[in-house]
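As structure tokens, the structure follows; a few thoughts come after it.
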Amino acid sequence: MIRFLVGKLAYLIPTFIGITVVAFGFVRLLPGDPVLLMAGERGISPERHAQLSAQLGFDRPIVVQYWDFVTGLFQGDFGTSLATRRPVLGEFLTLFPATVELAVCAIILATLIGIPLGVFAAIKRGSAFDQISMGTALVGYSMPIFWWGLLLIILFSGILGWTPVSGRIDLLYFFPNGTGFMLIDSLMSGQSGAFRSALSHLILPAIVLATIPMAVIARQSRSAMLEVLSEDYVRTARAKGMSAWRVVGVHALRNAMIPVITTIGLQIGVMMAGAILTETIFSWPGVGKWMIDSISRRDYPSVQGGLLLIAGVVMIVNLIVDLLYGIINPRIRHS
Amino acid sequence: MTATPKIKSERGRALREFWFYFSENRGAVIGLAVFVLLIAIAIFAPLLAPHNPIQQYRDFLLTPPAWQEGGTGQFLLGTDAVGRDVLSRLIFGARQSLIIGCVVVTIALIGGIVLGLLAGFFGGWVDTVIMRVMDVILAFPSLLLALVMVAILGPGLMNAMIAIAIVLQPHFARLTRAAVMAEKNREYVMAARVAGAGHFRLMVRTILPNCMAPLIVQGTLSFSNAVLDAAALGFLGMGAQPPLPEWGTMLAEAREFILSAWWVVTFPGLAILITVLAINLVGDGLRDALDPKLKRS
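From first to last, the protein sequence lines stand for chains A and B.
Using the numbering used here, you'd call the opening residue of the first sequence number 1 and step up by one each time.
Using the numbering used here, you'd call the opening residue of the second sequence number 1001 and step up by one each time.
Below, the structure written as structure tokens:
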């Protein structure tokens, strides 16, 4: 197992170096002078230009700049936001829990609906249920989620008036930011109605973000289950006279879930992309919306740091998925 | 002399067999029909569209669809905030979406095949370097990387297409590499090598045609991804720029009217959904028809 872990970690080093090169190269690839670009349309005096160049290190050789950049990363220095003058890492860490909360709720929703849908569709292969659920899954898979979010807002916020249009909680409520997860903090605050408010703000973005992963999980669960159901050991279990539910629940499901778990893990990366759109539509104060805002206000240190941090998160999640896969499937570990 | 008709009939048989399996999947046939219809709409857009897609009718701002109160037969699906006909913009928008899909898949496919062939055929450090670069691209969420690239290149449809193609390209490279590695030690490749075929001929003429099935399926899936991603970039203001009638950009312009004018939001999204759904249905059908493992079951 340790050899497996070390192997996986060694494999990540070149990818990590590549990610830092991309993030570092980003500001340098912008056409024109980066300091002028950052200054925007207001322009900048020559003295201030020289001062900023020196401060950001643009006046030194590119290799030295890269080295400083990478050593800075290891000291937690991801640059300073031009918009807020705060460290990029601090900004990211403040907003990250909102994205995690949204993503976790979405992945739970996607799993709880996607797996049963796929499994039952496989068991009832060719039935009306199979066709309808897989048809729905394909529609979900093809959904432009930014449009889907707008439709849900029209229906649930506009027509029915059930849910708020944006934000994480009503302004009425105020409580200390304990865990950073609004659902937990609001529950712990003991204020009546706070949890309900947090939940009603979360539900639509979570549905929107869960849509594509749910469809992918349902499709994957169905095909994995179909494959397993045709295996010899399932036939043997049936021949032994086991009940259909026992065959499915004990023998087939456990083996069918191995590829599904990988799929769920890989959806985390997809979700980071989905979060950009979902957070923008619902004004959800997470890292996705922050990235879009940073790009549109030309806050390049934030874009650079955010790019690196998000890629880092995706990389670590994928590593954990790989390791989990190795644990539940010994064949992978020993190959 | 006798070989040509034989090859032709062989190809005809393969095509017939492909169509047999493809047409067994009803969804795929429906998807294909919708896709062909979309192509026709895109080609004949100037003939089909009742109005010029960028013409602003200042007396008809946010007119509802014809069947709703206040609607007029002149604008079947209503008008947008500056009085442009929604139906005409949707019809012309089909052009943008199909062009985006074609350009992105072509760039990604060519780039991916070349890199995948080189990596799989030569192995060693060539393989290591190419595949590590692909890993780096895949480490970023695709939409985020495309967004940042567009920020570098400047917003616009062409730059959005290049960015999406770069992001989708590693999937083709990985598939090609895997297929090449599976094929390159087969006997027919050895035979061609012994017969004196050079590297280029071995890669392109001997091995590549036998790796096409997964690439075609991936190409279809990438087509729908490209349409979705380009619409998303348009929606975020980084793709096609107004007044170009692109579906994602239309949605972005309609955002502030979601609670007052449902039609400006609903129809462009529906157009994106139908297009992507049709292509995905075709993709599913192609996968079933081209995958020999599924054929037997």
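For glycine and all other residues, C-beta sits at the position ideal for the given N, C-alpha and C.
Residue closest to residue i, alpha-carbon to alpha-carbon, out of the options
| i | options | result |
| --- | --- | --- |
| Gly167 (chain A) | A:Ser186, A:Ser200, A:Ile132 | A:Ser200 |
| Leu226 (chain A) | A:Met214, A:Arg254, A:Lys240, A:Ile203 | A:Arg254 |
| Phe181 (chain A) | A:Ser45, A:Ile276, A:Thr278, A:Ala98 | A:Ala98 |
| Ile17 (chain A) | A:Gly43, A:Ser45, A:Phe74 | A:Phe74 |
| Gly1283 (chain B) | B:Gly1027, B:Glu1183, B:Phe1020 | B:Gly1027 |
| Tyr325 (chain A) | A:Trp284, A:Phe58, A:Ala10, A:Ile261 | A:Ile261 |
| Phe129 (chain A) | A:Gly140, A:Tyr141, A:Pro116 | A:Pro116 |
| Val1086 (chain B) | B:Phe1060, B:Gly1196, B:Phe1018 | B:Phe1060 |
| Gly72 (chain A) | A:Leu204, A:Met242, A:Phe24, A:Leu202 | A:Phe24 |
| Thr15 (chain A) | B:Val1133, B:Leu1037, B:Ile1107, B:Trp1019 | B:Val1133 |
| Ala1289 (chain B) | B:Phe1022, B:Gly1012, B:Leu1077, B:Phe1035 | B:Phe1022 |
| Leu1117 (chain B) | B:Ala1232, B:Leu1138, B:Met1161, B:Phe1200 | B:Phe1200 |
| Gln55 (chain A) | A:Val63, A:Asp68, A:Gly43 | A:Asp68 |
| Pro1170 (chain B) | B:Ala1066, B:Met1181, B:Ile1107, B:Gln1096 | B:Ile1107 |
| Ala1232 (chain B) | B:Met1250, B:Asp1080, B:Ala1182, B:Gly1196 | B:Met1250 |
| Phe120 (chain A) | A:Leu5, A:Ala256, A:Leu52 | A:Ala256 |
| Ser1222 (chain B) | B:Val1204, B:Arg1186, B:Ala1173, B:Trp1263 | B:Ala1173 |
Residue interval of the alpha helix (DSSP H) (run including residue i)
| i | result |
| --- | --- |
| Ser1225 (chain B) | Looking at the sequence provided, one finds Asn at residue 1225 (chain B) rather than Ser. Residues 1212–1235. |
| Tyr233 (chain A) | 232–239 |
| Gly1124 (chain B) | 1124–1139 |
| Arg60 (chain A) | Careful: Arg60 (chain A) lies outside any alpha helix (DSSP H) and carries neither H nor E. |
| Arg1287 (chain B) | 1262–1290 |
| Pro1242 (chain B) | Looking at the DSSP string, Pro1242 (chain B) is not in any alpha helix (DSSP H), and its letter there is neither H nor E. |
| Arg1026 (chain B) | 1026–1043 |
| Phe26 (chain A) | 2–29 |
| Trp1247 (chain B) | 1247–1254 |
| Thr263 (chain A) | 253–281 |
| Met1161 (chain B) | 1157–1183 |
| Phe1060 (chain B) | First-last for Phe1060 (chain B): undefined, no H or E at that position. |
| Val139 (chain A) | 128–141 |
| Leu368 (chain A) | Residue 368 (chain A) lies beyond the stretch modelled for chain A, which goes from 1 to 335, so this question has no answer here. |
| Arg1193 (chain B) | 1187–1194 |
| Asp293 (chain A) | 287–296 |
| Ala224 (chain A) | 194–229 |
| Gly149 (chain A) | 145–152 |
Cβ shell of residue i (< 6 Å), same chain only, five flanking positions each side left out
| i | result |
| --- | --- |
| Val1224 (chain B) | Residue 1224 (chain B) is actually Ser in this sequence, not Val. Excluding positions up to five away in sequence, the list reads Val1276, Ile1279, Asn1280. |
| Thr311 (chain A) | Rather than Thr, the amino acid found at residue 311 (chain A) in this sequence is Ala. Counting only Cβ-Cβ distances below 6 Å, and skipping sequence neighbours, we find Ile19. |
| Leu277 (chain A) | Ile145, Phe146 |
| Ala1226 (chain B) | Ile1100, Gly1101, Val1104, Ile1164 |
| Ala1124 (chain B) | Looking at the sequence itself, residue 1124 (chain B) is Gly, so the reference to Ala does not match. So no residue of the chain qualifies. |
| Ile295 (chain A) | Val303 |
| Gln220 (chain A) | Val260, Thr263 |
| Met1181 (chain B) | Gly1120 |
| Tyr1057 (chain B) | Gly1083 |
Contacts around residue i, its chain only, beta-carbon distance under 7 Å, and the 5 residues preceding and following it disregarded
| i | result |
| --- | --- |
| Arg297 (chain A) | Ala83 |
| Trp148 (chain A) | Val208, Thr211 |
| Met1001 (chain B) | Unreliable positioning characterises Met1001 (chain B) in this predicted model, as indicated by a pLDDT of 45, which lies under 50. The coordinate reading is nonetheless provided below. Closer than 7 Å at the Cβ level, and outside the excluded window around Met1001 (chain B), lies no residue. |
| Val216 (chain A) | Tyr141, Thr263, Gln267 |
| Thr1220 (chain B) | Ile1279, Val1282, Gly1283, Leu1286 |
| Glu1010 (chain B) | none |
Cβ neighbours of residue i in the same chain (closer than 8 Å, five flanking residues each side left out)
| i | result |
| --- | --- |
| Leu266 (chain A) | Asn318, Val321 |
| Phe1092 (chain B) | Ala1045, Ala1049, Pro1053, Pro1245 |
| Arg1296 (chain B) | With a pLDDT of 41 at Arg1296 (chain B), under the threshold of 50, the predicted position of this residue should be treated as unreliable, though the coordinate-derived value follows. Excluding residues within five positions, none has a Cβ falling inside 8 Å. |
| Ile328 (chain A) | Ile258, Ile261 |
heavy atom of the ligand GTP below 8 Å from residue i C-beta
| i | result |
| --- | --- |
| Val1036 (chain B) | By its list of ligands, the structure shown contains no ligand whatsoever, and the ligand GTP lies outside what it can speak to. |
Residues within the stretch 298–309 of chain A neighbouring chain B, beta-carbon criterion of under 8 Å: Val303, Leu307
Short-range partners of chain B found in the stretch 122–144 of chain A, where Cβ spacing is below 8 Å: Hits within the stretch, in order: Gly135, Leu138, Val139, Tyr141, Ser142, Met143, Pro144.
Residues within the stretch 1266–1277 of chain B neighbouring chain A, beta-carbon criterion of under 9 Å: Thr1266, Pro1268, Gly1269, Leu1270, Ile1272, Leu1273, Ile1274, Thr1275, Val1276, Leu1277
Interface positions of the stretch 1119–1142 of chain B facing chain A (Cβ-Cβ less than 8 Å), listed along the chain: Arg1132, Val1133, Asp1135, Val1136, Ala1139, Phe1140, Pro1141, Ser1142
Chain-ordered residues of the stretch 1218–1238 of chain B with a beta carbon less than 7 Å from chain A: For the stretch 1218–1238 of chain B, the residues whose beta carbon sits under 7 Å from a beta carbon of chain A are, in order, Ser1224, Leu1228, Ala1231, Ala1232, Phe1235, Leu1236.
Within 7 Å of chain A by C-beta, residues of the stretch 1143–1156 of chain B in sequence order: Leu1143, Leu1144, Leu1147, Val1148, Ala1151, Ile1152
Residues from the stretch 265–293 of chain A in contact with chain B, defined by Cβ distance under 9 Å: Under the 9 Å Cβ criterion, the stretch 265–293 of chain A contributes Gly269, Val270, Met271, Met272, Ala273, Gly274, Ala275, Ile276, Leu277, Thr280, Ile281, Gly288, Met291, Ile292.
Near-chain A residues of the stretch 1191–1216 of chain B (beta-carbon distance less than 8 Å), N- to C-terminal order: none
Within 7 Å of chain B by C-beta, residues of the stretch 1–24 of chain A in sequence order: Pro14, Thr15, Gly18, Ile19, Val22
Contact residues within the stretch 39–66 of chain A, judged by C-beta distance below 7 Å to chain B: none
Positions along the stretch 194–223 of chain A whose CB lies within less than 7 Å of some CB in chain B: none
Complete beta strand (DSSP E) runs within the stretch 62–122 of chain A (minimum length 3 residues, chain order): none
Selection of the stretch 1034–1045 of chain B by Cβ proximity to chain A, strictly under 9 Å: none
Contact set between the stretch 152–168 of chain A and chain B, restricted to residues whose Cβ is under 7 Å from the partner: Cβ contacts with chain B: Ile153, Ile154, Gly158.
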